[in-house]
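Take a look at the structure below.
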Amino acid sequence: MTKSSVRTLLCAALLLAVGCSTIRTTPQDEQLRRMVDLNERALASAEKGQRSDATKLLQDSWRLAIALDDQPMQIMTLLNQSRLARRNHDLAESRTYLDKALHISGQQGPLFADLAQEQALWALAAGDLTEAQRWATAAHRAEEGSQLGRRLNLLARVALLRGQRSEAKTLAEQALANNKTVGQELERANSLRTLGIIATQEGDWIAAEEQLQAALTLDRQQAAPHRIISDLEALAELAGRQQQTERQQEYLQRARMAREQLANSAKKSE
């Protein structure tokens, strides 16, 4: 789940709870704002590699959501906890959070598309492409808001991993157009990276270079280190395919340095 998509959902929940600005807010509204803030700060900390800080912030959000019996915020917090654990390669812990979120939601409601998306990402991390395809399709079908490009990106990623390059390219192109229209810059970068990887596999060096460099530029603008690493590794693969060994090693070194910076940031937050 990207920071922008979580913000969209959380803000929607906040508007539903608070209503128009002329209505006096209640203590419950302020608590909802606090949970929104806790989740956003957790996502920002996670993006910087500060896992310990992110974990504490999400625990605070969970305790508050339980105290207020706020099921939508419970689900949202659990999804972010699942995502954090998954990105830390702790699939068992991630599964626990995800199952709890699915139980609370009853696998329905406005957050189901995000639940299905996280299910698909968990399946990808577990190496189960069949389940990933099933849940990515469910997320796409359930999407009724501004996250269509994100759902298409996931479908494209799964299709590419399944060896369905032509389908992956079509889906990524659709995702790119949608993400550009709605201004989802990180998801737009995801679309460009996927298209760049496909162009690399097809031997279209010029298109691959343009798309991967564009993805890297967007991710730098959004200060997204994990995605920057993916861009650099994709550029290294492109250089390797062209037998540009020195350039390949340069990109790999930059990716290693970025990863080390994330690791150091994580240690400092512990």
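Residue numbers (this note's numbering): 32 to 301. All C-beta atoms, glycine included, are put in the ideal place defined by N, C-alpha and C.
Nearest C-alpha to A206 among S296, E277 and S177: S177.
Per the coordinates, the alpha-carbon of W236 lies some 10 Å from the alpha-carbon of I228. In this structure E149 is buried. Its beta-carbon is surrounded by 16 or more other beta-carbon atoms within 10 angstroms. If you check the CB distance, R182 and A170 come in under 7 Å. When the alpha-carbon of D130 is set against those of N119, L142 and L110, the nearest one is in L110. Taking one beta carbon from each stretch, the region 101 to 120 and the region 78 to 90 have 3 or more pairs nearer than 8 Å; the two touch. Here Q62 has L95 and L99 as same chain residues with Cβ atoms under 7 Å from its own Cβ, once five neighbours each way along the sequence are excluded. If you ignore the 5 residues before and after A239, its C-beta comes within less than 6 Å of the C-beta of G227, A230, T231 and L269, all in its own chain and listed in chain order. Under the three-state reduction of DSSP output, P141 falls in the coil class, being neither helix nor strand.
In chain order, I259 place their CB closer than 8 Å to the CB of R251, counting only its own chain and leaving out the 5 sequence neighbours on each side. With contact defined as three or more Cβ pairs closer than 8 Å, the region 192 to 201 and the region 213 to 223 are not in contact.
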